[in-house]
Structure formats: C-alpha cells, structure tokens
Amino acid sequence: MPPIRLQKARRIRSAISNEIKKEICEYIMANSNVKQEEVALYFNTKYNELNIDRSTVSKIWQNREKWMAVLSTSQTACTFRHRSVQYPELDKALQIWTAQAVTAGLPLTDMILQQKGIELAQMLNIGENQIKFTNGWVYRFKKRNGLQRVKFSGEANSAPIETLPEERVRLRALLAKYDKEDIYNADETGLFFQMEPNQTLSTGAVAGRKMDKSRVSVLFCANATGSHKIRPLVIGKSLNPRCFKNLNKSTLPVIYRANSKAWMRSDIFIEWLKHLDYYFRTMDRRVLLLIDNAGSHFNPKRFKKNDDMDDEEISESDDEQESKKQKKKEKPAVDLTNIELVYLPPNTTAHLQPMDAGIIHSFKAKYKQEFCRHLIRQFDSGVDHVKNKLNIKEAIDYIAESWNNVTPTTIQNCWIKTETADVLEYFQLLDREIPTEEHLTEEQIIDMVRNEENQVEESEDDDENEEIPLISVKKAINGKYLRVIRVREINAKKQSTLDGFFDR
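According to the UniProt record's numbering, numbering within the sequence shown proceeds without interruption in unit steps and concludes at 504.
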C-alpha cells in the first residue's frame, strides 16, 4: 500500500494596508534584534485578518523608505490596491506633488489640482488634445487618492420684488436714448487679497487659523458691450506701501488711492467721476453711467447750487450763519458735462445692476485662479507663503490681469440677465502656517516617475497559486493613498496724460 501523502494546506494571501506596512517597518526599527519570523507572528496575532510570513515581512522591509513616507490616516488604513490610469506618469507625479502639499499644509482646491496637472502634463510632453483636465478628471483623481473636502475650522437685502417690473421699464426708457457702447455701469467690491481658501483637500481633519483681514476696495466700470473696460480703481490702506518704493504710481495698471479703512469715500468717488467725465469730453462722447445709491456715490441732485442764504438764515446768529456757510463749502459739487448719472433704487442692485449680476463674480473667480498659481509658484520654489505673503503691488497686478480676462461675452450676458443676479459669495480664506521643509522640485518628481521601476503594491508570497481573498467594492473604490517614494535617493541627487488715467 503506497504511503499516504498529506497535502500542504494552501495559505491564503493577505491584503495588507499601507498603514500596516508602515507599522511593520516602525516595529522593526524599534526592535533591531527581532527576527522577521517573530515580526510576522506578532502582526498575525495583533491583526486576526492577517496571514503573513517571513518573506512578506522581508519584502516590506526592503521597501521601507516607501512605506515610512506614508501618512497615517483613516484612508491609508483601507488602501490595498491600485487601478490603472491613462497616463500613470502624470498621475504618479501629481500624487507625489499633492502628498508634499498635504504634508506642508498648502490649501488644496480642485482648481489648484487642475492647474498643477496642466503644468506637469506639459513637462511630460502630454499634449492638450490628449487629456482634458475636467471636473470629472479631478473627481476621479481625488477618489483614487482618498482626498475629500475638509473645512478649516450674506448678501444684499431682499429687493422689493413688486417694484422690479416698473423699475425695469424706467431703466429701459433711459437706456434707449444711448447706444450700447455708451451705457456704462460701475460698482465697487471688497477683496481679501492675501487670501487662502477656507477649505482644503485632505484625508482627515485640519486645524484652522485666524482669518486674514487684509483687504482692498476695487471699483470696476465697463460698458454694456464689454468693448471698453475702465482701469480699476483700487483703494488700499497705505498711500505709500513699502513695495511701492522707487515706483511711479502712474505706471500701475490701476488707479491707486488709499485711506485708513480702505473704503470708498465720496471725495475719492468724485475725483474718479471728474476724471472720467473729462476723459469722455476729450473723446467727444456722451455716456450714461448706471450706479447704485451708496452713500459714497455722490448725487449732484441732492445739493443746491444756490450759495445765498434764505430768510431764515438771516435771523440766525453770526456763529450759526458762519457754520452753515462752512458746511455749504464742504458739500461736494460736480458739474458733469458728458456723463448722465442714473441711480438704482435702494435694495434693487442685486437684481438690476449688471456688476452684481456676475461681472464682479467673474473677476473674483479669475483673481482666485491667479492666486492659486501664485500659491503653486511659491510652494514649488520652496517659499513659505505664510511668511512671504502677497503684497499690494502683486495683488494690483493680479487684479489688473483678472479684470482684463473678464470677457465681453460675460459682461453682455450680465446686462441681459440682470433679473437673475444671484452672485455667489466669494470664498473666505484662512491663514494657516506651512512648515518650512525640504521638498521635491518639479524636475525631480518628473525624473523620479520616468525612471522608477514598476513595483507591486500588494504583499506577495512565493506561491503564485495561493488564493486571494475578495475585497469589498467599497474598499476597491477607495483606491490608494498618496505615496512619496525613495525620498532619500532623490535628496541625494539634489545639487549640494488723463487719457491714460482710464485707458492703458
């Protein structure tokens, strides 16, 4: 009778999360004399679902630089496998850059991910027609890497809706007297120019900091066709900030004024209005200017030109008469020859004013893009964006560029659809400290992803026929967490007139 052979029980492979791999490496480092068989036994006992042996521990330890770079979060605890993407080099490069940004505390938004993806694609010679950085692309990237939106931690009064139809009829009658090229709207807005988003992409809760209160007021003006946009008027808090040293203010792409509160005042508005009127007079143009009834917007109809005292004033004392004379002298007076001012009724600007119908919102969205690019440039250059905040000169350049990028189509649509003026509140920004630390440059990231050998992400044993337990759909969707690999190797590679007042 032939001897009975006992078949060796087939051991089931275990899928090990990145966090456990990191924990294994930390355990070996803390216990230098421990044997790998003992490490396997320790973790099989600690985690009942594990069934690893010495060879698995050995492979994990060989890639310890990779696993020690993993951030311990709730997402890494369920990261096992990875799905292929169309451009793995681009995906890996953006993963590494994002991991550094998350670690450094850079506020991440969808727009920043899109912009950085575009830049890295250009460096990898991926053409614009080969990949589209859509919202869906960003969503899938975040899904693969376990990124979710985390918070760091009022608009105008309701208009009397019943009066809007008759006000629109009145406005149409006034506007019908002018060509569309000669109909203008002006309005100001506050802008927190040293801003950071109040939300970021992260795998866990993020501590917030005090909100940055640095602000300027910006006055915008454009005609109904969008063919003529007046230079913005920027009001700051300092008349001569440090960054203006040896700078001729007339060369700025905006008109700059200042007061202690950075608010629009009637004297600033009147000065701007006079220069605008003179500009149109020299151009032999008569225009209509539509503005709201803000207190700083001087209305000449409110004041009488007669400087003589009436009968009641004659009977008053000399001191009272002198006081009234002084007040009359202080009243602003503007003789406009080429501008017809039309004031919107109170509480109707959110419905009837084109600037509030989306023009200012479009500007702020474009300013946000410029600021995101600024954050990326600072981070990639190793500059601490908290200690080196955006100065007023840089903000002015971004304001001018953003205003120039507001398209005529946007302006025209806002004039057409003023009844749907639902301007979204612009995001507030928080100031969060980013630690100064060494990080990989773009070139180093690209070099790394191009030369890196493909590595197996899940743990393996020598027996290729071992059964692999099925994982849930939820775990499969979770994807993998961001990885920074071979940090030490990369670090070792490092090299030890008035026309010009409005038209520019």
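Cβ atoms here follow ideal geometry from the backbone N, Cα and C, with glycine treated the same way.
is_contact[residue i, chain D] using C-beta, thresh 8 Å
{"i": "His-297", "result": "In the structure shown, chain D does not exist; there is a single protein chain."}
DSSP state of residue i mapped onto helix, strand, coil
{"i": "Lys-229", "result": "strand"}
{"i": "Val-85", "result": "coil"}
{"i": "Gln-194", "result": "coil"}
{"i": "Ile-126", "result": "coil"}
{"i": "Arg-257", "result": "strand"}
{"i": "Thr-189", "result": "strand"}
{"i": "Val-150", "result": "strand"}
{"i": "Tyr-279", "result": "helix"}
{"i": "Gly-136", "result": "helix"}
{"i": "Ile-60", "result": "helix"}
{"i": "Tyr-343", "result": "strand"}
{"i": "Asn-18", "result": "helix"}
{"i": "Leu-171", "result": "helix"}
{"i": "Ser-315", "result": "Because the pLDDT of Ser-315 is 38, which lies under 50, any placement of that residue in the model is unreliable, and the number read from its coordinates should be weighed accordingly. The answer is coil: DSSP assigns Ser-315 none of H, G, I, E or B."}
{"i": "Val-406", "result": "coil"}
{"i": "Ile-183", "result": "strand"}
{"i": "Gly-117", "result": "helix"}
{"i": "Ala-365", "result": "helix"}
{"i": "Ile-445", "result": "helix"}
{"i": "Leu-247", "result": "coil"}
{"i": "Ile-235", "result": "strand"}
{"i": "Val-39", "result": "helix"}
{"i": "Leu-219", "result": "strand"}
{"i": "Val-287", "result": "strand"}
{"i": "Leu-106", "result": "coil"}
{"i": "Leu-273", "result": "helix"}
{"i": "Leu-164", "result": "helix"}
Alpha carbon of residue i to alpha carbon of residue j, nearest angstrom
{"i": "Asn-246", "j": "Lys-389", "result": "21 Å"}
{"i": "Lys-393", "j": "Phe-269", "result": "22 Å"}
{"i": "Lys-364", "j": "Ser-402", "result": "8 Å"}
{"i": "Leu-375", "j": "His-385", "result": "7 Å"}
{"i": "Trp-415", "j": "Ala-357", "result": "8 Å"}
{"i": "Asn-391", "j": "Ala-258", "result": "15 Å"}
{"i": "Asp-277", "j": "Glu-181", "result": "16 Å"}
{"i": "Pro-241", "j": "Thr-203", "result": "40 Å"}
{"i": "Lys-22", "j": "Gln-62", "result": "12 Å"}
{"i": "Cys-25", "j": "Ala-15", "result": "16 Å"}
{"i": "Ile-96", "j": "Leu-41", "result": "33 Å"}
{"i": "Thr-134", "j": "Glu-119", "result": "14 Å"}
{"i": "Arg-172", "j": "Cys-221", "result": "19 Å"}
{"i": "His-275", "j": "Glu-370", "result": "30 Å"}
{"i": "Thr-349", "j": "Asn-293", "result": "9 Å"}
{"i": "Phe-295", "j": "Glu-196", "result": "Correcting the residue type first, residue 295 is Gly in the shown sequence and not Phe. Taking the straight line joining both Cα atoms gives about 31 Å."}
{"i": "Ala-121", "j": "Ile-183", "result": "44 Å"}
{"i": "Arg-231", "j": "Tyr-279", "result": "12 Å"}
{"i": "Gly-236", "j": "Thr-282", "result": "29 Å"}
{"i": "Arg-64", "j": "Ser-17", "result": "14 Å"}
{"i": "Val-102", "j": "Ile-445", "result": "16 Å"}
{"i": "His-228", "j": "His-361", "result": "18 Å"}
{"i": "Thr-189", "j": "Ile-359", "result": "11 Å"}
{"i": "Gln-100", "j": "Asp-335", "result": "59 Å"}
Proximal residues to residue i (C-beta, below 7 Å), its chain only, five neighbours per side dropped
{"i": "Asn-44", "result": "Leu-50, Asn-51, Ile-52"}
{"i": "Ile-126", "result": "Tyr-87, Leu-90"}
{"i": "Ala-205", "result": "Val-150"}
{"i": "Ile-28", "result": "Val-34, Val-39, Trp-61"}
{"i": "Val-383", "result": "none"}
{"i": "Lys-304", "result": "In this prediction, Lys-304 has a pLDDT of 40, which is less than 50 and means its spatial position is unreliable; what the coordinates show is noted afterwards. Cβ neighbours of Lys-304 beyond the five flanking positions: none."}
{"i": "His-297", "result": "Phe-269, Ile-291"}
8 Å contact criterion, which residue i and residue j should meet: CB distance rounded
{"i": "Arg-215", "j": "Phe-193", "result": "7 Å"}
{"i": "Leu-233", "j": "Leu-219", "result": "4 Å"}
{"i": "Ser-217", "j": "Trp-263", "result": "6 Å"}
{"i": "Met-355", "j": "Asn-223", "result": "12 Å between Cβ atoms; not a contact."}
{"i": "Pro-253", "j": "Ala-400", "result": "4 Å"}
{"i": "Glu-167", "j": "Pro-345", "result": "6 Å"}
{"i": "Asn-338", "j": "Arg-377", "result": "With a Cβ gap of about 43 Å, Asn-338 and Arg-377 do not count as contacting."}
{"i": "Glu-443", "j": "Asp-380", "result": "Not quite, the Cβ-Cβ distance comes to about 10 Å (not below 8 Å), so this is no contact."}
{"i": "Val-287", "j": "Tyr-398", "result": "That belief does not hold up - the Cβ atoms of Val-287 and Tyr-398 are roughly 29 Å apart, past 8 Å."}
{"i": "Thr-418", "j": "Gln-353", "result": "7 Å"}
Proximal residues to residue i (C-beta, below 6 Å), its chain only, five neighbours per side dropped
{"i": "Gly-226", "result": "Pro-408, Ile-411, Gln-412"}
{"i": "Asn-405", "result": "Lys-366"}
{"i": "Leu-341", "result": "Leu-289"}
{"i": "Asn-157", "result": "At Asn-157 the pLDDT is 46, less than 50, meaning the model places this residue with poor confidence; the figure from the coordinates comes in the next sentence. Same-chain partners within the cutoff: Asn-347."}
{"i": "Val-57", "result": "Gln-36, Val-39, Ala-40"}
{"i": "Tyr-256", "result": "Val-234, Lys-249"}
{"i": "Leu-124", "result": "Glu-89, Leu-90"}
Spatial neighbours of residue i in its chain, beta-carbon cut-off 8 Å, leaving aside the 5 residues before and after
{"i": "Leu-113", "result": "Leu-94, Thr-98, Val-138, Phe-141, Lys-142, Leu-201"}
{"i": "Cys-243", "result": "Asn-391, Ile-392, Lys-393, Glu-394"}
{"i": "Cys-372", "result": "Thr-109, Met-111, Ile-112, Gln-115"}
Distance cut-off 7 Å: residue i Cβ against heavy atoms of the ligand MG
{"i": "Val-234", "result": "Inclusion of the ligand MG in the displayed structure is not the case, the ligand content being empty and no account of it being possible."}
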